[in-house]
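These protein sequences, in sequence, are chains B and R.
Just so you know, our numbering puts 142 at position 142 of the first sequence, and the rest follows in order with no gaps.
Counting the second sequence from 1 gives a position; our numbering is that position plus 1000.
Even glycine gets a Cβ: it sits at the ideal position worked out from N, Cα and C.
Only a predicted model underlies this, so the values are computations on that prediction, with no experimental measurement involved.
The structure under discussion appears below in the form of C-alpha cells.
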Amino acid sequence: MRKSIACAQLVATLAVGGCRQAGLGPEHELPAPPNTFLVTTGAGRQLTGTPARIDIRYADATKAPDVEIMFSASGEGDQTWSVLAAAPADFLDTPRLTARVVDGRIVPGTASVQMRVDLDDTAAPSGLLSLRLYAGRLAGEASRMGDELAARFEGPFVVTCAVPPAVMPGGSSAPSADTSQPTLIVDEAFESAPCRPYATLGGWSR
Amino acid sequence: MRMNLRTSVRFAFVLATAFATATAAEAATWRTCNGSAVKWRGTLNIHRNRCSIPDTGIVNSAYWNGMRQWDRLSNVVDGTFVNGAGDCSISHGDGQNEVGLVNRANIDGNNGLTILQLGICFIGSNDIDEADVMIANDLSFTARNGNFLGTTGRSTFVHEFGHLFGFLHEAGHTVLRTSPPHLITGGSEPSTVWPADTIGMSSLYGFSSSRPNLLPSALGVVAGSVQTLDSSSTVTVCRGSSSSTRVFLGNSGNVGSGTYNLRVRLSTTAPMGGYSLGTNVVSSFTHSIGAFSQGTFDLGFTVPFWLADGVYFIYTDMDHTHSIVEILEGDNTTVSAKRIRVNC
C-alpha cells in the first residue's frame, strides 16, 4: 500500500565520482585525491592511477618470496603508462630499489616501463628505475629513456601476499592444478605466518 | 538530451548518503525499520523513460541488464512499462518508478542517482514506496573488456538498480561500491552483481531457484582500492618457463558449485572474439566454491614449447566444460590486463 506522499522521506543515494578532465593552468587545478598515484612524464604529461602495488608471492613458504612491484597511471585518451619490476627479497627490508630497465624477461633487479595505447604496448628498450618506500608511499623515477616514458612518480602503495593454500589458516579451498604448477591464494587478511609481517607495510591502507 | 526533473513531493528532504569505505564488509546492507528490512513488499512496476532510453541499442540493453542482474535472482519486479516518447521528465512522488538518462548537472555531477521514497518508520515494517533511477547521459554504455579499469554506464545501471532494490553502498568486491572504477567480469555483458551483492538479494527477497553462478574477474579490491589484478603491461616469457595470472573467482549463487573445471589459455585474439575460443590451453584445474563465496588466486602455467611467437592475451575460463547448471551462463570468462610476449 502506498503511504502518504506528504509525509514521505526521500532518500537520495548517490553513485559519486564523475569523469573530470585534467588540464594545465590554475583554472583547471584540482585538489589531489588522497589515494591517487601521480606520474609526471618527461614530456610534461600528468597521469593518475590507483595506488602502486607490491605483490609478495611465496611459491614455497619455506623460501624467500618473489617480490613484484607494479603501478600504472592514465591520462587523457586511452593511454596507460606502467611499470613492472621484480625486486630482490631484501627490498622489503631496505626498502629501496634500483632496477635496470629492459624490454625482455624480467628477473629480480630488472624492470619494464611501458605505454599502452589501445591494444599496443611500447616498452622502453633500456633505462633505470629507482624507487623507495617511505611512510606508506612510493616515490621514484624512470630515467635514461625517451621523454614519453621517462617519469617521476609518487603516491600511496598497497601490499598483497600470496601463499600456497596449505599455509592458510583453515585450509582455504583453492583451484587444484592438473600439473605441477602451483596455485597460490591471496591472503587478503594477512593471516598466514609468511604474510603476517607485511600486514602493516602498506601504510595508509592497513 | 535534456531531461527535466519534476519533484512534486512537499515537505520532503533529501539525504545524500556518501558512505565512506571501511572494513571489507563482504555482505550487502540495507535500511531497517523496527528490526525488519526496508524493501519492496507491494507491487513493483518499473517504467522505462523512452525519451532517454530508446527501444533498441546499447542504452536499452544496459537498462535491461541493470534490472535483470538483480531481478533474475528473486523475481521481485511485477511489471515493466515504457512511457510515451514525448514524456521527457522524471517525476518524483507520483507513485511511478521511472528509469531514465539525465544531464549530469541535474544529478549534482554524479554518474547516477536513485531517489527512494520511503514511508515513515513508525510501527512494524516499512516499505519502499517509489524509486526513480537517473543515469548520467554522457556515460559510455559500450561493454568493455574484462580488464577495463574505469567507469561504465552499464555498471552504473547495475549499481543504481541495487539501490532501487533497497541496498546501500558497500566496500569490498561489489557493484555497490561508492565510486568507480567499476568491477566487471568478462564476456559480452561484463557489468554484473557479485557474491557480496547477491547475498543481499537472498536475505531480503529470497532466491527463486537454487543454483550456483560462477564468475571470474581480472579486477579486484586491494586494500580498499579497485585494481587490475595483473599488471597492465606485456611481459616477455620464454617457452618452457613459468608464469601466472591473478584472478578473482566467485560464486554469486545460493548453492555451492561442486567441483567444476577451470582453465587458463593464451590467445592472440583480443576480446570480445577471444572469449569464445578454446585453443592454447596452458593449465587446467578443478575447484569448488561455496555459495556467495569468492577468492583471489594466482594460477600458474608453463608456456608450452609448441606455442608460436606472438603476443598473447591471458584468458581464464570457469566451467568451460559446462558441467554446472548456473543461474546465468556467458559470464564465466575473463581476460587479464597482462599480456605475454613469447619470442624465446
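Problem set entry | Ser192 of chain B versus Val186 of chain B: straight-line alpha-carbon distance, rounded | Cα to Cα, the separation comes out at about 10 Å.
For this session: Answer yes or no: does any C-beta atom of chain B fall closer than 8 Å to that of Val1335 of chain R?
Result: No, Val1335 of chain R lies away from the interface with chain B (no Cβ there is under 8 Å from its Cβ).
Exercise. Around the Cβ of Glu1329 of chain R, are there at least 16 other Cβ atoms within 10 angstroms (buried) or fewer (exposed)?
Worked result: A residue is called buried when at least 16 other Cβ atoms come within 10 angstroms of its Cβ; Glu1329 of chain R does not meet this threshold and is exposed.
Problem set entry | Ser1293 of chain R (DSSP reduced to helix, strand or coil) | Three-state DSSP puts Ser1293 of chain R in a strand.
For this session: Leaving aside the five residues before and after Asp1058 of chain R along the sequence, list all residues of the same chain whose C-beta is less than 7 Å from its C-beta, in chain order.
Result: Checking the displayed sequence, the identity of residue 1058 of chain R turns out to be Ile instead of Asp. Here the set comprises Phe1141 and Thr1142.
Exercise. Which residues does DSSP pair with Glu1130 of chain R in a beta bridge?
Worked result: Glu1130 of chain R pairs with R:Gln1117.
Exercise. Does the distance from the CB of Thr1334 of chain R to the CB of Ser1217 of chain R come in under 8 Å?
Worked result: It is a contact, given that the beta carbons lie within the stated cut-off.
Exercise. From the beta carbon of Ala139 of chain B, is the nearest beta carbon of chain R less than 8 Å away?
Worked result: The C-beta of Ala139 of chain B comes no closer than 8 Å to any C-beta of chain R.
For this session: Could you work out which residues of chain R lie near Ile54 of chain B, taking near to mean beta carbons separated by less than 7 Å?
Result: Correct list: empty, because the minimum Cβ distance to chain R is about 10 Å.
Exercise. Among the residues of its own chain, which have a CB less than 8 Å from the CB of Thr1286 of chain R, if the five just before and after it don't count?
Worked result: Hits under 8 Å: Thr1259, Tyr1260, Asn1261 and Leu1262.
Problem set entry | Length-filtered (3 minimum) beta strand (DSSP E) runs lying within the segment 1041 to 1112 of chain R | Restricted to the segment 1041 to 1112 of chain R, the beta strand (DSSP E) segments that are unbroken, complete and at least 3 residues in length are 1045 to 1048, 1079 to 1082, 1089 to 1092 and 1097 to 1102, listed in chain order.
Problem set entry | Alpha carbon of Ala1085 of chain R to alpha carbon of Arg1050 of chain R, nearest angstrom | Straight-line Cα distance between these residues: approximately 5 Å.
Problem set entry | For Gly1278 of chain R, the nearest candidate out of R:Tyr1315, R:Thr1156 and R:Thr1192 (CA to CA) | Here the closest residue by C-alpha is R:Tyr1315.
For this session: Take the Cβ of Leu119 of chain B as the centre, count every other Cβ of all protein chains shown within 10 Å, and call the residue buried at 16 or more, exposed below.
Result: Within 10 angstroms of the beta-carbon of Leu119 of chain B lie fewer than 16 other beta-carbons, which makes it exposed.
For this session: Determine the burial state of Lys1338 of chain R: buried for a count of at least 16 other Cβ atoms within 10 Å of its Cβ, exposed for fewer.
Result: It is buried - the Cβ of Lys1338 of chain R has at least 16 other Cβ atoms within 10 Å.
Exercise. Are any of the Cβ atoms in chain C nearer than 8 Å to that of Asp178 of chain B?
Worked result: Looking for chain C here will not work: the only protein chains present are B and R.
Exercise. Going by C-alpha distance, which of R:Gln1294, R:Thr1156 and R:Asn1145 is nearest Asn1110 of chain R?
Worked result: Checking every option, the nearest Cα to that of Asn1110 of chain R belongs to R:Thr1156.
Problem set entry | Members of the segment 66 to 93 of chain B near chain R, C-beta cut-off 7 Å | From the segment 66 to 93 of chain B, only Met70, Ser72, Thr80, Ser82 and Leu84 have a Cβ closer than 7 Å to chain R.
Exercise. Helix, strand or coil for Phe1141 of chain R per DSSP?
Worked result: Here Phe1141 of chain R sits in coil by DSSP.
Exercise. For Pro209 of chain B and chain R, any beta-carbon pair shorter than 8 Å?
Worked result: This structure gives no information on residue 209 of chain B, because the portion of chain B shown stretches from 1 to 206.
Exercise. With distances taken between CB atoms, is the gap from Ala43 of chain B to Asp147 of chain B smaller than 8 Å?
Worked result: The answer is yes: Cβ separation under 8 Å.
Exercise. If we ignore side chains and look at the alpha-carbon of each, how far apart do Arg57 of chain B and Arg1154 of chain R end up?
Worked result: Roughly 35 Å between the two C-alpha positions.
Problem set entry | Given Glu1098 of chain R as reference, the closest of R:Asp1108, R:Arg1104, R:Ala1105 and R:Thr1114 once Cα atoms are compared | Here the closest residue by C-alpha is R:Thr1114.
For this session: For the beta strand (DSSP E) containing Thr1286 of chain R, list its first residue and its last residue.
Result: Start and end: Val1281 to His1287.
For this session: Report, in whole angstroms, the separation of the C-beta atoms of Ser1252 of chain R and Pro1190 of chain R, which I expect to be a contact under 8 Å.
Result: Rounded to whole angstroms, the Cβ separation of Ser1252 of chain R and Pro1190 of chain R is 14 Å, and the two are not in contact under 8 Å.
Exercise. So what does DSSP say about Leu119 of chain B, is it helix, strand or coil?
Worked result: Here Leu119 of chain B sits in coil by DSSP.
Problem set entry | Those residues which DSSP pairs with Asp103 of chain B across a bridge | For Asp103 of chain B, which the question treats as bridged, DSSP gives no partner whatsoever.
For this session: Would you be able to state if there are at least three C-beta pairs under 8 Å between the segment 1196 to 1208 of chain R and the segment 1221 to 1231 of chain R?
Result: Contact between the segment 1221 to 1231 of chain R and the segment 1196 to 1208 of chain R is absent: fewer than three C-beta pairs spanning the two stretches fall below 8 Å.
Exercise. Hey, quick one: how far does the alpha helix (DSSP H) through Phe1161 of chain R stretch, first residue to last?
Worked result: The continuous alpha helix (DSSP H) containing Phe1161 of chain R extends over residues Gly1153 to Leu1164.
Exercise. Could you give the distance in angstroms between the alpha-carbon of Phe153 of chain B and the alpha-carbon of Leu38 of chain B?
Worked result: Straight-line Cα distance between these residues: approximately 6 Å.
Exercise. Residues in its own chain within less than 6 Å of Ser1231 of chain R by CB, not counting five upstream and five downstream?
Worked result: Sequence-distant Cβ neighbours of Ser1231 of chain R in its own chain, meaning closer than 6 Å and more than five residues away, are Lys1338.
For this session: Could you check the C-alpha separation between Pro175 of chain B and Leu1229 of chain R for me, to the nearest Å?
Result: Going from the Cα of Pro175 of chain B to the Cα of Leu1229 of chain R covers about 17 Å.
Exercise. If you scan the segment 1205 to 1257 of chain R from start to end, which runs of the beta strand (DSSP E) of 3 or more residues do you find wholly inside it?
Worked result: If we require 3 residues or more, the beta strand (DSSP E) runs fully inside the segment 1205 to 1257 of chain R come out as 1214 to 1217, 1219 to 1222, 1225 to 1228, 1234 to 1236 and 1242 to 1251.
Exercise. Which of the residues in the segment 114 to 126 of chain B, read from start to end, lie with their CB under 8 Å from any CB of chain R?
Worked result: For the segment 114 to 126 of chain B, residues whose beta-carbon sits nearer than 8 Å to a beta-carbon of chain R comprise Gln114, Arg116, Leu119, Asp121 and Ala123.
Exercise. When we look at the beta-carbon of Ile1327 of chain R and count the other beta-carbons within 10 Å, is it buried (16 or more) or exposed?
Worked result: Residue environment: Ile1327 of chain R is assigned as buried (16 or more neighbouring CB atoms within 10 Å of its CB, all protein chains considered).
Exercise. Looking only at C-alpha atoms, which of R:Leu1266, R:Asp1298, R:Trp1040 and R:Thr1321 sits nearest to Leu1116 of chain R?
Worked result: Checked all of R:Leu1266, R:Asp1298, R:Trp1040 and R:Thr1321; the closest Cα to Leu1116 of chain R is R:Trp1040.
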